[in-house]
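Take a look at the structure below.
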Amino acid sequence: MRGEGIVNSSLDLIGNTPLVNLGKITEENNLKCTLLGKVEAFSAGGSVKDRIALRMILEAEKEGRLIRGVSTIIEPTSGNTGIGLCLAAARLGYKVIITLPEKMSLEKERMMTALGARIIRTPTDAPSESADSNIGVARRLVHEIENAVMLDQYSNINNALAHEKGTAVEIIRDIQATRGENAIADVLFAGVGTGGTITGLARGLRKHNKSQNAKNDYKDGLLVVGVDPVGSSLALPASLNRIEDGQSASYAIEGIGYDFIPAGLDRNEVDYWIKTSDDESFDCAHQLIRSEGLLIGGSAGSCLAGALKYLRTTEEGRKISQDPSKTVVLIFADSIRNYITKDWILN
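See the structure below:
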């Protein structure tokens, strides 16, 4: 835990983020359940992706794929994984090249540049399988540059394991420290991108809840709801991903949603999917910032928007919302720091 002595390096500041009671949001929305936000902005690099970046590097070192002072890390990212990789690489001695879609914020680019990375921007509208996409460009560079390694967050098993073995353990620890040794998280809401966060958390929390003989009707004691932006293709059933009249096929929210199914996303772990629009997401981000004083990013707004929509519009959600015994956890993936120049901050 932080505050218990001198830490050895910035890498020791990754993770161990606070679980915050969202008391004002609960009150403003007439909820009786306990609503908790896991605020990943407090991690060293400012996001949930710090965890996977460090684990992917350390495991690749154990496997002999990465050698400090020799290897170059190349990674396609929407920004947060890139920042985490750059932070760890700066401390451990790696060169980094990041391929980043054009829509991603200038703040992310500048932070990675400050940490010593080379940034290559790619067209936002390039399909993921295209040679021009950030994934396609990264794959080409790996073949062209000597001693280059792509850790591939989309399929790397350490993406989910970082959350199963780390984030889930923290959530359990903090809930039990406050609410007693038999307390559990009943419901999990998370925005979905590469899928590592929701997959790993679902597995870790379910293992714990099952061992506790959780007294609810959910799969292994946990209800998992995935939040996917309108315009993305991750949700099930696939009919949810249809673009209705008046909707845009593109979305401004960063860090969640894709036009392909990442190998690291186990959709069998997700019980229910909610689609959210940019407007809903940014409205809820402002609500979190102004009501709770949490300086979170846009995808945290998506997570809250999805949670409130589920709690208001589904039969099970309405039951949960009025049940004081239920503990609901939301993952707030990153910080407002990444989006200061974005229009949604001001409007």
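In terms of our numbering, the sequence shown opens at residue 41 and continues consecutively.
Glycine residues also receive a C-beta, built at the ideal position from the N, C-alpha and C atoms.
Keep in mind it's a predicted model, so treat the numbers as computed, not measured.
query	result
N-terminal and C-terminal residue of the beta strand (DSSP E) that V264 is part of	L263 to P269
Residue from M190, G104 and S118 whose Cα sits closest to the Cα of T112	M190
Counterpart residues of N61 in DSSP-defined beta bridges	L76
Enclosing beta strand (DSSP E) for G231 [first to last residue]	V227 to G231
Touch test, the stretch 113 to 121 against the stretch 266 to 279, Cβ-Cβ under 8 Å, three pairs minimum	no
Selected residue, minimal CA-CA separation from G109, among R131, A347 and G124	R131
Strand pairing of P141, partner residues [DSSP]	T162
8 Å Cβ cutoff met for G124 and I92	yes
Through-space distance from E204 to R219, alpha-carbon basis	21 Å
C-beta contact flag for C126 and A157 at 8 Å	yes
Bridge partner(s) assigned by DSSP for I336	S375
Continuous beta strand (DSSP E) assignments of at least 3 residues falling wholly in the stretch 85 to 129	112 to 116
Cross-strand partners of S272 (DSSP beta bridge)	V270
Cβ neighbour criterion (16 or more within 10 Å) applied to N48	exposed
Stretch pair the stretch 183 to 200 + the stretch 68 to 77: three plus CB contacts closer than 8 Å	no
Helix, strand or coil at T367 [DSSP, three-state]	strand
Nearest-angstrom beta carbon gap, Y298 and L274 [assumed within contact, 8 Å]	6 Å
Selection from G77, N187, Y258 and N196 that minimises the alpha carbon distance to V310	Y258
Residue environment, I46, which counts as buried when at least 16 other CB atoms sit within 10 Å	exposed
Between the CA atoms of L335 and T66 - distance to the nearest angstrom	18 Å
Contacts around R161, its chain only, beta-carbon distance under 7 Å, and the 5 residues preceding and following it disregarded	L140 and E142
Residues bridged to K349 [DSSP beta-bridge criterion]	Looking at the DSSP assignment, K349 forms no beta bridge with any residue, so it has no partner.
Top-ranked residue by Cα proximity to G333, from T57, L62, D52 and E44	L62
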